[in-house]
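J.: Going from the sequence shown to the working numbering is simple: count from 1 and add 2.
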Amino acid sequence: MKMRKQSLGFSSVNAIRPPDRTSTNISGSNKRPTLMYLNTYQLDPYVRFHPPAVTKTANEVLNEYFTDHKYNPQESPVLAMRISEILLQAVKAMNFNRYRILSVVTIAQKRAQSYNNAVTFLWDHERDNYVDLFREENSVFIQVTIFGVYLD
Numbered sequence: 003m004k005m006r007k008q009s010l011g012f013s014s015v016n017a018i019r020p021p022d023r024t025s026t027n028i029s030g031s032n033k034r035p036t037l038m039y040l041n042t043y044q045l046d047p048y049v050r051f052h053p054p055a056v057t058k059t060a061n062e063v064l065n066e067y068f069t070d071h072k073y074n075p076q077e078s079p080v081l082a083m084r085i086s087e088i089l090l091q092a093v094k095a096m097n098f099n100r101y102r103i104l105s106v107v108t109i110a111q112k113r114a115q116s117y118n119n120a121v122t123f124l125w126d127h128e129r130d131n132y133v134d135l136f137r138e139e140n141s142v143f144i145q146v147t148i149f150g151v152y153l154d
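(1) Rounded to a whole number of angstroms, what is the C-alpha to C-alpha distance between residue 144 and residue 107?
(2) Using 10 angstroms around the beta-carbon of residue 105, count the other beta-carbons present and answer buried if the total reaches 16, otherwise exposed.
(3) If the criterion is Cβ atoms closer than 7 Å, does the pair residue 133 and residue 56 meet it?
(4) For the candidate residues 110, 61, 77 and 127, whose alpha-carbon lies nearest to that of residue 88?
(5) Name the DSSP bridge partner or partners of residue 134?
(6) Would you tell me roughly how many angstroms separate the C-alpha atoms of residue 78 and residue 37, rounded to the nearest one?
(7) Could you tell me which residues DSSP puts in a beta bridge with residue 104?
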């Protein structure tokens with residue numbers, strides 16, 4: 003760090019100033035070129051979020067991982083995370099370009115209680131969409147919501 007004198011009327015007080023931004027790289031000659039992104043002026047996606055295809059994929063995943071599941075306080079949260087990750091990867095593999103994919107999975111034990119799930123955020127009704135699935139087994143239920151939120 004470089005030391006310089008402060009100009010607050012105290013001529014003998016030294017101050018510390020931040021290092022120069024134009025100083026050389028610590029590693030030496032490894033300088034990366036500055037990336038430059040150009041505007042695409044694209045307002046609509048090439049491939050829109052398609053809820054029927056996402057519903058089909060989500061049903062396949064639930065048939066594979068959730069059939070005959072019994073509620074267990076240690077295993078059910080891990081299963082919810084695993085199903086959420088698998089759904090996220092499967093929907094991202096569908097190549098809905100310029101969409102942020104969100105997957106919310108809730109597994110709970112059935113004990114004669116009511117369950118409400120509410121999610122709020124700013125929504126573009128022309129481009130954004132979602133899929134909502136609900137399944138019940140003997141002692142447990144699962145609720146899956148997958149959002150496709152367009153990034154412009």
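Even for Gly, the Cβ is constructed at its ideal location relative to N, Cα and C.
T.: Straight from the coordinates:
(1) Those two C-alpha atoms are separated by around 7 Å.
(2) Here residue 105 is buried: its Cβ has 16 or more other Cβ atoms, across all protein chains shown, within 10 Å.
(3) Against a cut-off of 7 Å, the Cβ pair of residue 56 and residue 133 comes out as a contact.
(4) It is 61.
(5) Bridge partners of residue 134: 147.
(6) Straight through space, the alpha carbons of residue 37 and residue 78 are spaced by roughly 44 Å.
(7) Note: residue 104 sits in a beta bridge opposite 149.
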